[in-house]
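In our numbering, the protein residues as written are 155 to 314. First comes the structure, then the notes that go with it.
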């Protein structure tokens with residue numbers, strides 16, 4: 155577990171264009187929650203609804219490419235409407251968890267989502283493959299902001 159006092163609060167990106175951010179993101183790597191352990195071909199999809207909420211669909215195969223498909227539909231709420239980079243994600247009413255967009259490629263090709271206590275992180279990309287150089291730069295940044303990078307696991311993405 156990270157020493158949050160040493161590293162301070164996680165900083166979010168300056169601004170997220172929600173329309174550009176919506177759509178499918180392949181989960182390249184993460185520090186998994188209990189429901190994500192063993193996830194394969196994980197995709198997180200976002201859609202902005204008419205009330206400004208982010209309707210989310212998270213799908214993956216459990217434990218193998220032929221494993222059972224799992225699907226979750228949390229709702230995202232934009233918490234900081236000036237930057238759109240801080241959300242609250244609701245998996246179970248009435249509980250909402252912080253969801254911080256801490257890195258975002260200027261072309262919206264990849265993003266990194268974190269949580270304040272640094273217990274979880276998600277590295278996601280628009281394609282199922284992320285360049286190794288880019289991936290290693292992201293890992294380096296995560297280490298500098300206090301993540302235990304030994305906990306980060308790559309997610310198998312095999313769409314052939």
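Note that beta-carbon positions come from the ideal geometry of N, C-alpha and C, so glycine has one too.
- In the three-state scheme derived from DSSP, where H, G and I count as helix and E and B as strand, residue 290 is classed as helix.
- Annotation for residue 172: 202, 238 place their beta carbon closer than 7 angstroms to its own, counting only its chain and skipping 5 residues before and after.
- The continuous alpha helix (DSSP H) containing residue 175 extends over residues 172 to 175.
- Sequence-distant partners of residue 280 (beyond 5 residues in either direction) whose C-beta falls short of 8 angstroms from its own C-beta, in its chain, are 177, 178, 179, 180, 262, 263, 264.
- In this structure, the alpha-carbon of residue 252 lies about 14 angstroms from that of residue 235.
- Around the CB of residue 184, 16 or more other CB atoms lie within 10 Å, so the residue is classed as buried.
- Using a Cβ-Cβ distance cut-off of 8 angstroms, the stretch 205 to 216 and the stretch 186 to 196 are in contact, since at least three pairs of beta carbons, one from each stretch, lie closer than that value.
- For residue 216, the enclosing beta strand (DSSP E) covers residues 208 to 216.
- Counting other Cβ atoms within 10 Å of its Cβ, residue 270 stays below 16 and is therefore classed as exposed.
- Residue 184 is bridged by DSSP to 276, 307.
- DSSP, reduced to helix, strand and coil, places residue 236 outside both helices and strands of the structure shown, so it counts as coil.
- Following the DSSP letters along the chain, one finds residue 257 inside the beta strand (DSSP E) bounded by residues 249 to 258.
- Here the alpha carbon of residue 210 sits roughly 29 angstroms from the alpha carbon of residue 287.
- Residue 198 sits in a strand when the DSSP states are folded into three classes.
- Taking the CA atoms as reference points, residue 164 sits about 37 angstroms from residue 220.
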